[in-house]
Amino acid sequence: MKFKSPPVNSLSLDFLTEFCISLEKLENDRACRGVILTSAVPKIFSSGLDITEMCGKSTEHYAEFWRAVQEMWLRLYSSNMVTVAAVNGSSPAGGCLIALTCDYRIMAENPKFSIGLNEAQLGIVAPFWFKDTFVNVVGHRVAESSLQLGSLHPAPEAHRIGLVDELVPEEKLKDRATAVMQQWLALPDHARQLTKTMMRKAVLDRLVAHREEDVQNFISFISKESIQKSLRMYMEMLKKKKS
Amino acid sequence: MKFKSPPVNSLSLDFLTEFCISLEKLENDRACRGVILTSAVPKIFSSGLDITEMCGKSTEHYAEFWRAVQEMWLRLYSSNMVTVAAVNGSSPAGGCLIALTCDYRIMAENPKFSIGLNEAQLGIVAPFWFKDTFVNVVGHRVAESSLQLGSLHPAPEAHRIGLVDELVPEEKLKDRATAVMQQWLALPDHARQLTKTMMRKAVLDRLVAHREEDVQNFISFISKESIQKSLRMYMEMLKKKKS
Amino acid sequence: MKFKSPPVNSLSLDFLTEFCISLEKLENDRACRGVILTSAVPKIFSSGLDITEMCGKSTEHYAEFWRAVQEMWLRLYSSNMVTVAAVNGSSPAGGCLIALTCDYRIMAENPKFSIGLNEAQLGIVAPFWFKDTFVNVVGHRVAESSLQLGSLHPAPEAHRIGLVDELVPEEKLKDRATAVMQQWLALPDHARQLTKTMMRKAVLDRLVAHREEDVQNFISFISKESIQKSLRMYMEMLKKKKS
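Structure (structure tokens):
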């Protein structure tokens, strides 16, 4: 599955909705046992949540948007399919979350590409289930400082701290992802799926149990004037960068 | 303590029963403060649970067998003695569990020897307390992919991921295990035992609280025709290999 | 903030009380956003809890002392400030706890300096919240063997197992700590603080919920004749060492 939402594969409400529908189709297609997530946009895997969805919109819009983000994570983290992230570009915030949510992460070994949950740099706090997913992958100490600093780790560092499982030259990324997928698909589905569920259930259950509360938290946080202001400044900065 | 149940030290009901009785004797012997677990069978530490105990037997037999597996783990994981695994051969599935349950793991640095919880390869799911013990040793990310893939890690890789604490040349394994034991026995028993209990209590309590449920789960899983079939096929394959 | 309580910066009741007052002042001073903890005493960061406070005193004294230890940890682990430990000397037991409680640990790369929770060597058991803090930093496996052995890790080993984040030559320690502090202070306070709270809340809440129970445990443990005896022997040994 290739993300193709130029210019930066940001996770807009439309993108998320379409992503969930595609995932569901594949999930119900018995011929499809695995999915490789990668980007069709050069240098960017996904730039994360679309800031325009979080800026100057109504409470109802924020709620709808946040439920779509939750839905995407819930479906992907609990997927019965083998999920491999072929990270062929930078992957901040929500882009990093997508990679963390897969079974295996391979990244192009380009030190210009970076990955991380950098929410703190924007004055935002990553929600608890981003944090839980991150801790499951890199452990508590690394997660604690990385989240507090909002670190974007260049590919070699991301590999060193375990945030990605493997680095390969960019031109070999697709082949390697396919080889990894073959290796995972060699296992009997049923045992693999039950094992995955066993490993991830505690963290999945936690969001399911607090889902509406998490939506309300997001709304009240994102509606704050100070947060809106810092998001507007960030968007201005991005616009200037482009021009 | 040397495992000697040729040809492969598989954990049969008899073996487990005898193992628990021996452990209990040592536990109650105040002169015995530590035990080194190793194998008297060349190239195999332990091949894990005896598949013949899980194939074509009665529900009562499955229940009795599974309680014996639980009992072995409960006694060994909560042992007041210092427990050192001197892994002098391959150690799949239940063999790996025994090593994980010790305080310290030393492995012969022979790359032909491998160790891991490879249940998924047989279409079986490792129970939650195998998983909890594994996560305590190697962390969540490594446990998640290793369990899903049913990986058997060659000794050097097992060392790299922390599944064993140390590699030594095979001929030095015994001496090194003895030296490690001396180091651990230099500590005052009481503080060491309370510390061990503190570290392991949460995981031990979980099985104690769900023990009967876990037996029922095992029975209903192992009784499935599909599982019985795949175990029979696996046994056929082993027989052919031998001849 | 420099610890200056010669000869070894041991954590006496007076020291802890003063430390908590100083921390509170800084915490309430809006101009102060971070604190670097280091020692003014050569070769020792802090030698840990003052044994004279735990030896031959009244039950009331033990209770008061233990509450002060808890208070220090609760304040430091939940501090809104950025906390950096510049470990410029050895740091056993409670000294190690202080370092573990910070956001980031830099240690002088002198292999003669060591750090660890060595309580077990004195026949004492580290309380559960020392253990929780330790597990958050080094993970379960390393914490389990390090606590059971009461290991004091030389600086290079401490770095290898993740107990300290970074080693620098002793003469550069102050500059490096300042540079790290600048990096952390570049982040917006609010998001950083909320992230820290999210990461540490579970472990903090556990002590808050069991605080009085933990005091009683300490009193009954420390009042045992066997423990008192081993502490007296340890103090004798220290005195002989000095003379």
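From first to last, the protein sequence lines are chains Y, C and H.
So in the working numbering, the last spot in the first sequence is 243, and the numbers never skip.
So in the working numbering, the last spot in the second sequence is 243, and the numbers never skip.
So in the working numbering, the last spot in the third sequence is 243, and the numbers never skip.
A virtual CB, placed ideally from N, CA and C, is assigned to each residue, including glycine.
Please list the terminal residues of the continuous beta strand (DSSP E) segment that includes residue i.
{"i": "MET199 (chain H)", "result": "MET199 (chain H) -> not in any beta strand (DSSP E); alpha helix (DSSP H) instead, spanning 189 to 209."}
{"i": "VAL168 (chain C)", "result": "166 to 168"}
{"i": "SER223 (chain Y)", "result": "Where SER223 (chain Y) is concerned, there is no enclosing beta strand (DSSP E), given that its DSSP letter is neither H nor E."}
{"i": "SER114 (chain H)", "result": "114 to 116"}
Going by DSSP, what residues sit across from residue i in a beta bridge?
{"i": "SER90 (chain C)", "result": "C:ILE44"}
{"i": "SER10 (chain Y)", "result": "Y:GLY48"}
{"i": "PRO154 (chain H)", "result": "H:SER114"}
{"i": "ALA143 (chain Y)", "result": "DSSP, once it has assigned bridges, lists no residue as partnering ALA143 (chain Y)."}
{"i": "ALA99 (chain Y)", "result": "For ALA99 (chain Y), which the question treats as bridged, DSSP gives no partner whatsoever."}
By the DSSP assignment, the alpha helix (DSSP H) with residue i in it spans what residues?
{"i": "ARG105 (chain H)", "result": "Where ARG105 (chain H) is concerned, there is no enclosing alpha helix (DSSP H), although the beta strand (DSSP E) it sits in stretches over 104 to 108."}
{"i": "GLU119 (chain H)", "result": "That residue, GLU119 (chain H), is in no alpha helix (DSSP H); it is neither H nor E in DSSP."}
{"i": "LYS131 (chain H)", "result": "128 to 138"}
{"i": "LYS174 (chain Y)", "result": "173 to 185"}
What in chain Y is Cβ-close to residue i, meaning under 7 Å?
{"i": "VAL137 (chain H)", "result": "ARG141"}
What does residue i touch in chain H if you count any residue whose Cβ is under 7 Å from its own?
{"i": "LYS208 (chain Y)", "result": "First, the amino acid is wrong: residue 208 (chain Y) is Val here, not Lys. Under the 7 Å cutoff, chain H gives no residues; its nearest Cβ is about 19 Å from VAL208 (chain Y)."}
{"i": "ARG192 (chain C)", "result": "ALA120 and GLN148"}
{"i": "LEU76 (chain C)", "result": "In chain order: nothing, as chain H lies at least about 15 Å away."}
Report yes if the CB atom of residue i is closer than 8 Å to the CB atom of residue j, and no otherwise.
{"i": "GLU171 (chain Y)", "j": "ILE106 (chain Y)", "result": "no"}
{"i": "ARG160 (chain H)", "j": "GLY162 (chain C)", "result": "no"}
{"i": "LEU23 (chain C)", "j": "ALA93 (chain C)", "result": "no"}
{"i": "SER78 (chain C)", "j": "ARG200 (chain C)", "result": "yes"}
{"i": "ILE36 (chain C)", "j": "ALA177 (chain C)", "result": "yes"}
{"i": "ALA99 (chain H)", "j": "SER91 (chain H)", "result": "yes"}
{"i": "LEU152 (chain C)", "j": "GLY116 (chain C)", "result": "yes"}
{"i": "THR101 (chain C)", "j": "TRP73 (chain C)", "result": "yes"}
{"i": "LEU187 (chain C)", "j": "GLN228 (chain H)", "result": "no"}
{"i": "LEU16 (chain C)", "j": "VAL69 (chain C)", "result": "yes"}
{"i": "ALA108 (chain H)", "j": "ALA155 (chain H)", "result": "yes"}
{"i": "GLU53 (chain C)", "j": "SER12 (chain C)", "result": "yes"}
{"i": "GLY34 (chain C)", "j": "LEU204 (chain C)", "result": "no"}
{"i": "ILE222 (chain C)", "j": "TYR62 (chain C)", "result": "yes"}
{"i": "CYS20 (chain H)", "j": "LEU26 (chain H)", "result": "no"}
{"i": "GLN148 (chain C)", "j": "THR195 (chain Y)", "result": "yes"}
{"i": "LEU231 (chain C)", "j": "CYS55 (chain C)", "result": "yes"}
{"i": "ASP29 (chain H)", "j": "PRO127 (chain H)", "result": "no"}
{"i": "VAL41 (chain H)", "j": "MET181 (chain H)", "result": "no"}
{"i": "SER47 (chain C)", "j": "SER10 (chain C)", "result": "yes"}
{"i": "TRP129 (chain Y)", "j": "LEU76 (chain Y)", "result": "no"}
{"i": "GLY139 (chain H)", "j": "GLU119 (chain H)", "result": "no"}
{"i": "LYS131 (chain H)", "j": "MET198 (chain C)", "result": "yes"}
{"i": "HIS210 (chain Y)", "j": "GLY123 (chain C)", "result": "no"}
So residue i contacts chain Y; which residues on that side make the cut at Cβ distance below 9 Å?
{"i": "LYS131 (chain C)", "result": "THR195, MET198 and MET199"}
At a threshold of 7 Å, does residue i count as lining the ligand FMN (C-beta to nearest heavy atom)?
{"i": "LEU163 (chain C)", "result": "This structure does not include the ligand FMN; it has no bound ligands of any sort."}
Quick one: which chain Y residues come within Cβ less than 8 Å of residue i?
{"i": "TYR104 (chain H)", "result": "SER145"}
{"i": "VAL125 (chain C)", "result": "ALA191, LEU194, THR195 and MET198"}
{"i": "GLY162 (chain H)", "result": "ARG141"}
Which residues in chain H sit within 8 Å of residue i, going by Cβ to Cβ distance?
{"i": "PHE128 (chain Y)", "result": "MET198"}
{"i": "TRP184 (chain C)", "result": "GLN148 and LEU149"}
Can you name the residues of chain H whose CB is closer than 9 Å to the CB of residue i?
{"i": "PRO92 (chain C)", "result": "Within chain H, no residue comes near PRO92 (chain C); the closest Cβ sits about 20 Å away, beyond 9 Å."}
{"i": "LEU187 (chain C)", "result": "ALA120, GLN121, GLY123, GLN148, LEU149 and GLY150"}
Identify the contact partners of residue i in chain C, using a Cβ-Cβ distance below 7 Å as the criterion.
{"i": "PRO156 (chain Y)", "result": "Result: empty, since nearest Cβ-Cβ is about 18 Å, beyond 7 Å."}
(request) For the segment 28 to 83 of chain C, list the alpha helix (DSSP H) runs that are entirely contained and at least 4 residues long, ordered along the chain. (result) Whole alpha helix (DSSP H) segments, 4+ residues: 59 to 77.
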